[in-house]
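S.K.:
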Amino acid sequence: MSLPTYHVLHLSSIIVLLAYTFYAFAAPAETRKRVMMVTGIAALLVAVSGFAMLAKLHLGFPHWVAVKVACWLGLSAMVSFAYRKRASADLFMLIALVLAITAVAMVYVRPF
Ligand code: HEM
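Under my numbering, residues 1054 to 1165 are what the sequence shown spells out, in order.
(1) Using the Cβ count rule (16 or more neighbours within 10 Å means buried), how would you classify Thr-1074?
(2) Return helix, strand or coil for Ser-1055, following the three-state DSSP convention.
(3) Name the two residues that bound the continuous alpha helix (DSSP H) containing Arg-1137.
(4) If Phe-1078 and Met-1159 are in contact, beta carbons under 8 Å, what's the gap, nearest whole angstrom?
(5) Does the structure place the segment 1114-1123 close enough to the segment 1131-1138 that three or more beta carbon pairs sit under 8 Å?
(6) Out of curiosity, what's the CA-to-CA distance linking Val-1099 and Ala-1108?
(7) Taking the alpha-carbon of Lys-995 as reference, which of Met-1106, Ala-1082, Thr-1155 has the nearest alpha-carbon?
(8) At a cut-off of 7 Å, is Val-1118 close to the ligand HEM when judged by its beta-carbon and the heavy atoms of the ligand?
(9) Considering only the beta carbon of each residue, do Leu-1070 and Thr-1092 sit closer than 8 Å?
(10) Rounding to the nearest angstrom, what Cα-Cα distance links Leu-1128 and Val-1118 in this structure?
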């Protein structure tokens, strides 16, 4: 697949991952299984497209990508906190936002 295809796949999967993660913080308990499935697939596609772009661009594994992988891990885990820790929803939503913004900033700033 071409680089633009991976870009579109990466960004589309991120939109789905974030949308369903934030939905999970307010969704009824019976939606858990479906939402976990959607976020799981989206998280997988984010990683697959991300690593495919890394390979196509011959970037190796720079530190800014390591930070993105850490953000991705945190974001992928967030949906389970969303259902189990409703009382701390505000805190976890803030953490999710910080992780997403950090992952985006890493691509454009590439500080290391
Ligand atoms: C396993 C995790 C991830 C890997 C390996 C990864 C890797 C990459 C790579 C290699 C690029 C292309 C850089 C370039 O075009 O020079 C990219 C672009 C991008 N990534 Fe990720 N990424 C990951 C997770 C995330 C996450 C969690 C977010 C946001 C929540 C994110 C947001 C973006 C954005 C906004 C772009 C720019 C796309 C564009 O300019 O068209 N990434 N990523």
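Positions of the beta carbon are idealized from the N, C-alpha and C atoms, including for glycine. A quick note: this is a predicted structure, and the numbers were derived from the prediction, not measured.
M.R.: Looking at the coordinates:
(1) Your numbering for residue 1074 matches position 21 in the sequence shown. Buried.
(2) As a position in the sequence shown, residue 1055 is number 2, starting the count at 1. Coil.
(3) In the sequence shown, residue 1137 corresponds to position 84, counting from 1. That run of the alpha helix (DSSP H) goes 1116-1137.
(4) Taking the first residue of the sequence shown as position 1, residue 1078 is located at position 25. Taking the first residue of the sequence shown as position 1, residue 1159 is located at position 106. The beta carbons of Phe-1078 and Met-1159 sit about 24 Å from each other, so the pair does not count as a contact at 8 Å.
(5) Taking 8 Å as the limit for Cβ pairs, the verdict is that the segment 1114-1123 does not touch the segment 1131-1138.
(6) As a first step, residue 1099 is located in the sequence shown; it is residue number 46 there, counting from the start. As a first step, residue 1108 is located in the sequence shown; it is residue number 55 there, counting from the start. Spanning the two alpha carbons is a distance of roughly 14 Å.
(7) Here the chain covers residues 1054 to 1165 and nothing more, so residue 995 does not appear.
(8) Counting from one through the sequence shown, the residue named residue 1118 turns up at place 65. It does: the Cβ of Val-1118 is within 7 Å (strictly closer) of some heavy atom of the ligand HEM.
(9) In the sequence shown, residue 1070 corresponds to position 17, counting from 1. In the sequence shown, residue 1092 corresponds to position 39, counting from 1. Going by C-beta atoms, Leu-1070 is nearer than 8 Å to Thr-1092.
(10) Position 75 of the sequence shown, counting from 1, holds the residue named residue 1128. Position 65 of the sequence shown, counting from 1, holds the residue named residue 1118. So the alpha carbons of these two residues sit roughly 15 Å apart.
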